[in-house]
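For what it's worth, our numbering labels the leading residue of the sequence shown as 3, then goes sequentially. Glycine included, each C-beta is placed from N, C-alpha and C at the ideal position. Everything below concerns the one structure shown next.
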Amino acid sequence: GVDVMNALKSEKAITEEIEAGLKKLIEDFNQTFVT
């Protein structure tokens, strides 16, 4: 039970990290493109 919960938590953290990275890339891309 504990192992499954830890795996789900780390998977969620990884997903959030990827989403944050993508969001930053998109913002950087938009800034480069607009100006």
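Three-state secondary structure assigned by DSSP to residue i
i	result
GLY23	helix
THR17	helix
THR37	coil
Cβ shell of residue i (< 8 Å), same chain only, five flanking positions each side left out
i	result
THR17	none
GLU21	none
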